[in-house]
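Below you'll find the structure, written out as C-alpha cells, and then a few comments.
2 protein chains.
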Amino acid sequence: MELHDLMRRLHVKNDSKIVLLVADGLGGLPLQPGGKTELETANTPNLDALATAGTLGLSTPVLPGITPGSGPGHLGLFGYDPLQFQIGRGVLEGLGIDFDLGPNDVAIRGNFCTIDAQGNITDRRAGRIASEIGAKLCTKLDQIKVPGVEVFVRPVKEYRLVVVFRAAGLGGNVEDTDPQKTGVPPLAPVARDDASKKTAEIAAAFLKQAREVLKGDAPANFFTMRGIDKKPHIPTFEEIYGLRAAAIAVYPMYRGLARLVSMKVLDAGQTLDDQCSRLAQAWNEFDFFFLHFKYTDSTGEDGNFPAKVERIEQLDAAIPKITGLGPSVLVVTGDHSTPSKMRSHSWHPVPVLISAANCRSDACTSFGEAQCLAGGLGQFPAKYLMSLTMAHAGRLEKFGA
Amino acid sequence: MELHDLMRRLHVKNDSKIVLLVADGLGGLPLQPGGKTELETANTPNLDALATAGTLGLSTPVLPGITPGSGPGHLGLFGYDPLQFQIGRGVLEGLGIDFDLGPNDVAIRGNFCTIDAQGNITDRRAGRIASEIGAKLCTKLDQIKVPGVEVFVRPVKEYRLVVVFRAAGLGGNVEDTDPQKTGVPPLAPVARDDASKKTAEIAAAFLKQAREVLKGDAPANFFTMRGIDKKPHIPTFEEIYGLRAAAIAVYPMYRGLARLVSMKVLDAGQTLDDQCSRLAQAWNEFDFFFLHFKYTDSTGEDGNFPAKVERIEQLDAAIPKITGLGPSVLVVTGDHSTPSKMRSHSWHPVPVLISAANCRSDACTSFGEAQCLAGGLGQFPAKYLMSLTMAHAGRLEKFGA
Chain R
6 MELHDLMRRL HVKNDSKIVL LVADGLGGLP LQPGGKTELE TANTPNLDAL
56 ATAGTLGLST PVLPGITPGS GPGHLGLFGY DPLQFQIGRG VLEGLGIDFD
106 LGPNDVAIRG NFCTIDAQGN ITDRRAGRIA SEIGAKLCTK LDQIKVPGVE
156 VFVRPVKEYR LVVVFRAAGL GGNVEDTDPQ KTGVPPLAPV ARDDASKKTA
206 EIAAAFLKQA REVLKGDAPA NFFTMRGIDK KPHIPTFEEI YGLRAAAIAV
256 YPMYRGLARL VSMKVLDAGQ TLDDQCSRLA QAWNEFDFFF LHFKYTDSTG
306 EDGNFPAKVE RIEQLDAAIP KITGLGPSVL VVTGDHSTPS KMRSHSWHPV
356 PVLISAANCR SDACTSFGEA QCLAGGLGQF PAKYLMSLTM AHAGRLEKFG
406 A
Chain D
6 MELHDLMRRL HVKNDSKIVL LVADGLGGLP LQPGGKTELE TANTPNLDAL
56 ATAGTLGLST PVLPGITPGS GPGHLGLFGY DPLQFQIGRG VLEGLGIDFD
106 LGPNDVAIRG NFCTIDAQGN ITDRRAGRIA SEIGAKLCTK LDQIKVPGVE
156 VFVRPVKEYR LVVVFRAAGL GGNVEDTDPQ KTGVPPLAPV ARDDASKKTA
206 EIAAAFLKQA REVLKGDAPA NFFTMRGIDK KPHIPTFEEI YGLRAAAIAV
256 YPMYRGLARL VSMKVLDAGQ TLDDQCSRLA QAWNEFDFFF LHFKYTDSTG
306 EDGNFPAKVE RIEQLDAAIP KITGLGPSVL VVTGDHSTPS KMRSHSWHPV
356 PVLISAANCR SDACTSFGEA QCLAGGLGQF PAKYLMSLTM AHAGRLEKFG
406 A
C-alpha cells in the first residue's frame, strides 16, 4: 500500500509523544434540524481551548455514505485502509473477548440453535439462552478433541460463542453453516478454496461430536458457524511508523483491535481516571498512546442524547490529565458517528481535533461538527489521520528533494 | 494514468494564454495561534483584487501530512502525480545545476570526503571545502576517461558534485557508495538489477582512477556516490495538454524541473522584473508560462517572517505587469508551504488563486490561508490544478455526451 510504503520510507524517530484519544461514536446529529449535536451541546471548555489553538476537521472512516463497524473504524484511525484490511466476523468476535489470536488460528463465530428430531433448525438463537447457560455449554464443547488441531471454545454472550481451531496451514475460507432460516438443517462446512479443505474437515468432525455432546441440552442442542476466518496479515504499527505504541482501552474489542496492529495492550483499569493514571505511568516507555473511551458510543446506541452529552463532558474533564503530561501531539476524534437520534453507528463524518505546536490554526473556537466543517483539515479520509499526526510530531522526513 | 489520458483525450487548442505564477514555499503559519501568516500579513492589493474576482482554494502537494521537496512539489503543479513520477537525488542535483540530462544519462550526486591511509573515511564532507576548491577538483575528475562512456563531472557547491555517465543502455539502479558513517571505507558500487551491472562497472572504474587523481588533495582526497539514477520517463507537457509551454525561472533547479516535462526554458534574467519583461517578449510564442519566484521559500527557510512578507509584497507589485498582458487564466500558488516559524518546507496545504473570466467567484476578498480555506476550490490534490486551469482556459472538451 502506497501510504504505508511512504510512512516506512519517511518516518524518523524523535522524543515526541503522541496521544490518540478516541471517543467511540463521537459524531452526532441534532435532534431537530438546525439544533445542536451532542458534542455541540456539551460544555467542553478544555476541548474548546484545544480547538482554538489547534486545527479541526472531519474524517470519513471508509467512503462517503459508508457506516463502519468498530473494526474498520479503528483500522482507519490507525492509518490502515479499511477496504484493504478486512477482518472476518469470527476474528472480530475473538478479539472482542480478548482471545489472543495467532497466525495459525481460524476463528469462528458460533450461534447456539435449536434443532428438532429431524435435525431441522427450529430456533436460530436457541431462545436467546442466558449467558450463564451459554458459558456452561461452551465448557462442555471445549472438551471435544479433534486429531491434529487444538480447539478452543469460549462464550461471548447469551447464544453467541467463539470457536478457534489452531493448527499450521489451515485456510480460513469456509462457508457459513447457518442456513439463515428455520425448517432446514444446518449446512455442512464447505471450503471455498483448496487451502481451506482441511479446515472444513476439522469443522465437520467438530460439529459431529458437538451434536452428540449437546443433544440433551435443548433449546441449545446444536450450534451454527458463521464468519469463519483467519486474522489477516497486517503490518505492525511499529514497522510502518517506527512508533512504540500502547493501547489503554477498557473494552476487550478495542484491546483486540490494537493487538491486531501489534500495539502493546496495557492494563487500563475500569474508568477514564484509571486510564489516565496508566497513561502517566507508561509515559516514558512509549511514543504513541491509543486511549479508548467507550461510553459516547453506548449512550448514542441507547438513543440517550443527554447521557451522551454527559459522557462528552466527562471526557472533557479528563483532558487536563492528558495535556498535563505535555504531549507533542494530542488528537481527539471518534472511530465513527453514533447519533443518539439514530440509535446506531452512522456514516456521518467524524469530528477531528489536532493539537500541536505547528498546527495551522483556523478560525474555530470550539469542538463541534459545525466548527469542524470550517476547520483547517477539511474533510479527509480517516486513513490519513496518522500521516497528519506523524507530520505534526515532526516524525516524517521530506518526500523527494 | 487516468488523469493524463483524460487530458490527452479532452484537450483542445485555442488562443488563450495561461500564466502559472509559482511563489516557492508560499504557504505559511502564524507565529502565534490565531495570528496571521506571512501571506495574510503582507499588503497585497493586487492579489486581493484577483482573489475578489477569482476563486481560491488550498492544494495538497502529495498526500495529507507529507512534506514535499521541490521536485514533487512542482511535478504536482504541472499535473503529474508526484507518487507516480519519482525523481532520484542524482537527477535532481543535475537539474539543479542546469545540466541537460538526456535519456542515456545516469546522474550521480557526489560528496567529496576524506580518507585515511587505510582507505577509511574520516570526514564524509571533506571539511566542507570551499566551492572554489570543489570546482577545481571537479575539473581534474572531468579529465578521467572510461572506455565506452562519456563522463561529465560538475561542481555543485562546497563538497557536492554531480557525475554523469552517458552511454546507451545504462541502467540507473545502483547502490550508494556512501556508507553513511566514518571509520569504514566507501562501499563498492553494486547494481540492483542486471540492466545496471554495466553502470556499476563504469562507476567502479571511474572511482579507481578518481582515487589516484585525488590522492594528494586532502582533505578532499576521495568522493562518495549517492542517489545514482536516470531521468524517469515523463510524458511531455505538450503531449498531455496540447500547450506550448515556456518556463521563466531564475534558479537552475526550477528550469531543470520544467525541462523534465519538456517545457521550453527561456532566459529569465536575474529579477522578477526581468522575468516579467521576458514574459511580455515571449507572449505570442507560447500558450502557457511557468513563472517561478524563489524568495518566498528562501526567506521562509531562513526563518525570517518579515522578509518573507516583504518578498510577497514584491511579488504583489509585479502582478500588474502580468495582468497587463491580458492572460486568460492567471494562477498564483506555491509548490509547498515553507513557514518561517518552522524554517523548512512543511506539509500544510498551499494557497491557490485562479483568476479567469469563468471563475465561480466565492466570498473571498483577499489572498491568504484562512480565506483560501473558505474558497470555492476547496482543498484538493495539487495534481488537479492543471485540469482546473485547462478548464478555465476553455481548453477542455466535455467528457462524454
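Here the protein sequences line up with chains R and D, keeping their order.
Start counting the first sequence at 6; every next residue gets the next number (my numbering).
Start counting the second sequence at 6; every next residue gets the next number (my numbering).
Don't be surprised by glycine CBs; every beta carbon is placed ideally from N, CA and C.
In terms of beta-carbon proximity, D/G115 stays away from the interface with chain R, with every pair separated by 7 Å or more. When C-beta distances to chain D are compared with 9 Å, every residue of the segment 66–86 of chain R stays at or above that value. The C-alpha of D/S303 lies about 12 Å from the C-alpha of D/V314.
By the CB criterion at 7 Å, R/V357 and R/T338 fall inside the cutoff.
Following the DSSP letters along the chain, one finds R/E244 inside the alpha helix (DSSP H) bounded by residues 242–246.
When DSSP states are grouped into helix, strand and coil, R/I120 belongs to the strand group. Annotation: Cβ neighbours of D/G39 in chain R (cutoff 8 Å, chain order): T57, A58, S366.
Ranked by how close their Cα comes to the Cα of D/N116, the residues D/P108, D/Q123, D/F372, D/E98 have D/E98 in first place. Think of a sphere of 7 Å around the beta carbon of R/E7: the chain D residues whose beta carbon falls inside it are L88, in chain order. Contact between D/I138 and D/V218 does not hold, since their C-beta atoms are separated by about 14 Å, which reaches or exceeds 8 Å. Close partners of D/H350 in chain R (Cβ separation under 8 Å): K403. Comparing C-alpha distances from D/R283 to each of D/T301, D/D307, D/E318, D/L330 shows the shortest one belongs to D/L330. Annotation: the continuous beta strand (DSSP E) that includes R/I23 extends over 23–28.
Here the alpha carbon of D/A209 sits roughly 60 Å from the alpha carbon of R/V156. The segment 349–364 of chain R makes no contact with the segment 17–33 of chain D: fewer than 3 CB pairs, one atom from each, lie closer than 8 Å.
Scanning R/R400, R/T343, R/V336, R/S345 for the CA closest to the CA of R/L382 turns up R/V336.
In the DSSP assignment, R/S360 is bridged to R/L335. At the C-beta level, R/L277 and R/I253 stay beyond 7 Å of one another. D/G81 is a Cβ neighbour of D/A387, given a cutoff of 7 Å. Judged by DSSP in its simplified three-state form, D/T127 adopts strand. Contact annotation: R/S333 and D/P38 have beta-carbon atoms that are not nearer than 7 Å. For D/H341, the nearest beta carbon of chain R is not closer than 7 Å to its own beta carbon. Taking a C-beta cut-off of 8 Å against chain D, none of the residues of the segment 266–293 of chain R qualify. Counting along the chain, R/T301 sits inside no beta strand (DSSP E); it lies in the alpha helix (DSSP H) bounded by residues 300–306.
Counting along the chain, the unbroken beta strand (DSSP E) around D/K162 starts and ends at 155–162. Just so you know, the alpha carbons of R/M230 and R/H341 end up roughly 29 Å apart. Under the three-state reduction of DSSP output, D/H9 falls in the helix class. For D/F90, same chain residues with a beta-carbon under 7 Å away, outside a window of 5 residues either side, are L80, P237, I239 in chain order.
The C-beta of D/Q376 comes no closer than 7 Å to any C-beta of chain R. Taking all protein chains in view, the Cβ of R/F295 is crowded by 16 or more other Cβ atoms within 10 Å, so the residue is classified as buried. With a threshold of 7 Å between beta carbons, D/Q384 makes contact with chain R. Close partners of D/I92 in chain R (Cβ separation under 9 Å): G405, A406. Within the same chain, Cβ atoms closer than 6 Å to the Cβ of R/P160 are found at G139, A140, C143, L166, the five residues on either side in sequence being excluded. Interface residue (Cβ-Cβ distance to chain D less than 7 Å): R/Y256 is not classified as such. Contact check between the segment 95–112 of chain R and the segment 166–182 of chain R: three or more CB pairs, one atom from each, fall below 8 Å, which counts as touching.
Taking 8 Å as the upper bound for CB-CB distance, D/A215 and D/L146 are in contact here, some 6 Å apart.
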